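Peer 1: Below are the structure tokens for one structure; questions will follow.
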Amino acid sequence: MPRGTMGRLPIRAVLKSLQSLRGMVDLLPAQTPVWQRIEATAREHFRRAAIEEIRTPLLEVTELFARGIGEATDVVGKEMYTFEDRGARSCTLRPEGTASVVRAAIQHGLVAQGPQRLWYGGPMFRYERPQAGRQRQFHQIGLEFLGFADPRSDVEAIAIAWDLLMDLGVGGLSLELNTLGTLDDRVRYRAELVRWLEQHRERLDPDSQQRLATNPLRILDSKNPDTQALLAGAPTLAEALADTSRERFEAVCTALERLAIPYVRNPRLVRGLDYYGHTAFEITSSQLGAQATVCGGGRYDGLVEQLGGPPTPAVGWALGMERLVLLLSQGRQEGAQAPRMAPSPDVYVVNRGTHGAACALDLARRCRQRATAPLAVQLDLSGAGFDKQIKRARRSGARWALLLGDEEAAAGQVRLMALEGDGVSHPADRLLSQAEFLSLGPEELDGLAGTPAGGA
Ligand code: ATP
Ligand code: MG
Numbered sequence: 015m016p017r018g019t020m021g022r023l024p025i026r027a028v029l030k031s032l033q034s035l036r037g038m039v040d041l042l043p044a045q046t047p048v049w050q051r052i053e054a055t056a057r058e059h060f061r062r063a064a065i066e067e068i069r070t071p072l073l074e075v076t077e078l079f080a081r082g083i084g085e086a087t088d089v090v091g092k093e094m095y096t097f098e099d100r101g102a103r104s105c106t107l108r109p110e111g112t113a114s115v116v117r118a119a120i121q122h123g124l125v126a127q128g129p130q131r132l133w134y135g136g137p138m139f140r141y142e143r144p145q146a147g148r149q150r151q152f153h154q155i156g157l158e159f160l161g162f163a164d165p166r167s168d169v170e171a172i173a174i175a176w177d178l179l180m181d182l183g184v185g186g187l188s189l190e191l192n193t194l195g196t197l198d199d200r201v202r203y204r205a206e207l208v209r210w211l212e213q214h215r216e217r218l219d220p221d222s223q224q225r226l227a228t229n230p231l232r233i234l235d236s237k238n239p240d241t242q243a244l245l246a247g248a249p250t251l252a253e254a255l256a257d258t259s260r261e262r263f264e265a266v267c268t269a270l271e272r273l274a275i276p277y278v279r280n281p282r283l284v285r286g287l288d289y290y291g292h293t294a295f296e297i298t299s300s301q302l303g304a305q306a307t308v309c310g311g312g313r314y315d316g317l318v319e320q321l322g323g324p325p326t327p328a329v330g331w332a333l334g335m336e337r338l339v340l341l342l343s344q345g346r347q348e349g350a351q352a353p354r355m356a357p358s359p360d361v362y363v364v365n366r367g368t369h370g371a372a373c374a375l376d377l378a379r380r381c382r383q384r385a386t387a388p389l390a391v392q393l394d395l396s397g398a399g400f401d402k403q404i405k406r407a408r409r410s411g412a413r414w415a416l417l418l419g420d421e422e423a424a425a426g427q428v429r430l431m432a433l434e435g436d437g438v439s440h441p442a443d444r445l446l447s448q449a450e451f452l453s454l455g456p457e458e459l460d461g462l463a464g465t466p467a468g469g470a
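Using this note's numbering, read the sequence shown as starting at 15 and increasing by one per residue.
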């Protein structure tokens, strides 16, 4: 740059501030408490059901999803974030969790060790049109039972999702249930459905016309109202089921009834992913508009083998965090229990002077490390006047302020001020040694709250 130009260029003004990518959403501090509450509740439910956590990479080889989800699905066909890495390998940001969990379970020999009860949580990536309840980076919590064939495992998986949502206080949910039968059932039905749909091809929407060749069962799932109206007359999968498939489904229904979990049969329900068979379910809410499904899942007996593992029956589900958060915030407006807010610190450390400030840094740390009752401490780093800092201490919601100036620091003392109470009382409530404050037990600390001035 030529000499002198620097001085004239308004460098700061030309720098444009950057935005997140479309469909990639920040969670700000005001929002994270709700997320933390959901995660803690889920963790607790999984613990009670002896389900272990598994964490897999966000990035996988593309072939995992092509094989595990199916080339003909929307997810693989249109929605994946796929790119070549620097070693010219095709990589994909995971669009869902099941394929990765199964890959990891095969790779590390978990499947060979016996049945696995696993859960996972975290971000997923799909290149979709962003709208309420639909993002490009979104979050799921999911459960996978690997090595379980009994219809009761379907019911236990469903019950865990249902109880979690009930415990979180989500109302107005509906459990929709269907069976997709065996692969044989579906092959037979598929031929029959295609034959029927071919006769009405001109009444299908363009998307469905295309699916006729690639993935005809997904036409049942079409959101186009004309196609839906046409389908009312189509043959159903239920009619094509073998007796054993029908009996299995009845066993699932009966067990749900015994648990008093309400459900509705929805013969149109097909999961978007190819590897599902037998039980398929969705938990939906009427309050979510077009993005009605909070949780979806079902049985995927063919997947482990499809990914190179031994034949392993399996069932699982995934729950959409963003949609769950939307439901919980709607509930709040209608007067349901408000989520916990971010916790306030116990102590706010007000400090001034070279000595006082240095000592405060140390005292704050030691308060947080107290053996008997560690305190949550917010340290004022502004160097502002005492009055300003005390105002901030009150706003922080802390129960106590600890005041440290050069004088207190030199004497190894600290001024303790109770912030609850009249709020206008003289700041220097009580002078005590730092060692004494650090050794106060929880009850003694409680006793200090709101103690009137004049203690020292
Ligand atoms: P949809 O029909 O709404 O696209 P899906 O069948 O693609 O859902 P699954 O792959 O079964 O969804 O994922 C399970 C859950 O994850 C969904 O029920 C939903 O709650 C959530 N989910 C899926 N895609 C998104 C997304 N793009 N944004 C936010 N949540 C999503
Ligand atoms: Mg989808």
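For every residue, glycine included, the Cβ atom is placed at its ideal position computed from N, Cα and C. All values derive from a computational prediction rather than experimental measurement.
1. The ligand MG and residue 221: does the residue's C-beta get closer than 7 Å to at least one heavy atom of that ligand?
2. Answer yes or no: the CB of residue 235 versus the heavy atoms of the ligand MG, is any distance below 7 Å?
3. Relative to the alpha-carbon of residue 217, which residue among 257, 243, 209 has its alpha-carbon at the smallest distance?
4. Could you tell me the distance, in whole angstroms, from the CA atom of residue 154 to the CA atom of residue 148?
5. I think residue 151 touches residue 39, with their Cβ atoms under 8 Å apart; what is that distance to the nearest whole Å?
6. In terms of DSSP beta bridges, what is residue 258 paired with?
7. Since residue 321 is in the alpha helix (DSSP H), which residue starts that stretch and which ends it?
8. What distance in whole Å lies between the Cβ atoms of residue 290 and residue 312, which are believed to be in contact at a cut-off of 8 Å?
9. Which residue's Cα is closest to the Cα of residue 125: 322, 371, 423, 332?
10. Would you call the CB atoms of residue 326 and residue 161 closer than 8 Å?
11. Which residues bound the alpha helix (DSSP H) around residue 172?
12. Tell me the DSSP secondary structure of residue 434 in three-state form.
13. Within its chain, find whatever has a CB closer than 8 Å to the CB of residue 428; leave out the 5 residues flanking it on each side and keep chain order.
14. In the structure shown, what three-state DSSP assignment does residue 335 receive?
15. Please go through the region 91-121 and give each complete beta strand (DSSP E) segment of 3 or more residues, from N-terminal end onward.
16. Does the Cβ-Cβ distance between residue 108 and residue 74 come in under 8 Å?
17. Give the DSSP-derived three-state secondary structure of residue 141 in the structure shown.
18. Output the residue ranges of the beta strand (DSSP E) runs that lie fully inside the region 347-400 and measure 3 residues or longer, sorted by chain position.
19. Could you check the C-alpha separation between residue 248 and residue 284 for me, to the nearest Å?
20. Out of 100, 81, 140, 122, point me to the one whose CA is closest to residue 35's CA.
21. Under DSSP, the alpha helix (DSSP H) around residue 61 begins and ends at which residues?
22. What is the C-beta distance between residue 117 and residue 78, in whole angstroms, given that I count them as a contact (C-beta under 8 Å)?
23. I'd like to check one pair, residue 233 with residue 197: are the Cβ atoms closer than 8 Å?
24. Below 8 Å, how does it come out for the region 334-341 and the region 389-396: are there three or more Cβ pairs, yes or no?
25. Whose C-alpha, out of 52, 294, 87, is nearest the C-alpha of residue 195?
26. Are the region 39-54 and the region 82-101 touching, with three or more C-beta to C-beta distances below 8 Å?
27. Over what stretch of residues does the alpha helix (DSSP H) that includes residue 152 continue unbroken?
28. What residue from 223, 434, 68, 203 has the CA that sits closest to residue 252's CA?
29. Who are the near neighbours of residue 206 in its chain, counting only those whose CB is closer than 7 Å to its CB and skipping five residues on each side?
30. Going by the CB atoms, is the gap between residue 46 and residue 76 shorter than 8 Å?
31. Using 10 angstroms around the beta-carbon of residue 31, count the other beta-carbons present and answer buried if the total reaches 16, otherwise exposed.
32. Using three-state DSSP, classify residue 134 as helix, strand or coil.
33. For residue 396, I'd like the list of residues in its chain whose CB is within less than 6 Å of its CB, leaving aside the five on either flank, ordered along the chain.
34. Determine the closest residue to residue 184 out of 342, 407, 370, with distance taken between C-alpha atoms.
35. In this structure, how does DSSP classify residue 224 when only helix, strand and coil are distinguished?
36. Do residue 199 and residue 256 come within 8 Å of each other at the CB atom, strictly closer than that value?
Peer 2: Here's the rundown:
1. no
2. no
3. For residue 217, the nearest C-alpha among the options comes from 243.
4. If I take the Cα positions, the gap works out to 12 Å.
5. 7 Å
6. Residue 258 is not bridged to any residue.
7. Premise fails: residue 321 is in no alpha helix (DSSP H) and is neither H nor E.
8. The distance from the Cβ of residue 312 to that of residue 290 is about 5 Å, consistent with a contact at the 8 Å cut-off.
9. 322
10. Contact: yes.
11. Residue 172 -> alpha helix (DSSP H) spans 165-181.
12. coil
13. 377, 416, 417, 418, 422, 445, 446, 447, 448, 451
14. helix
15. 96-98, 104-107
16. yes
17. Assigned with DSSP and collapsed to three states, residue 141 falls in coil, not helix or strand.
18. 361-365, 391-393
19. 15 Å
20. It is 140.
21. 46-62
22. 6 Å
23. no
24. no
25. 294
26. no
27. First-last for residue 152: 151-160, but that is the beta strand (DSSP E), not the alpha helix (DSSP H).
28. 203
29. 249, 254
30. In this structure, residue 76 keeps its C-beta atom at 8 Å or more from the C-beta atom of residue 46.
31. exposed
32. strand
33. none
34. 342
35. helix
36. It is a contact, given that the beta carbons lie within the stated cut-off.
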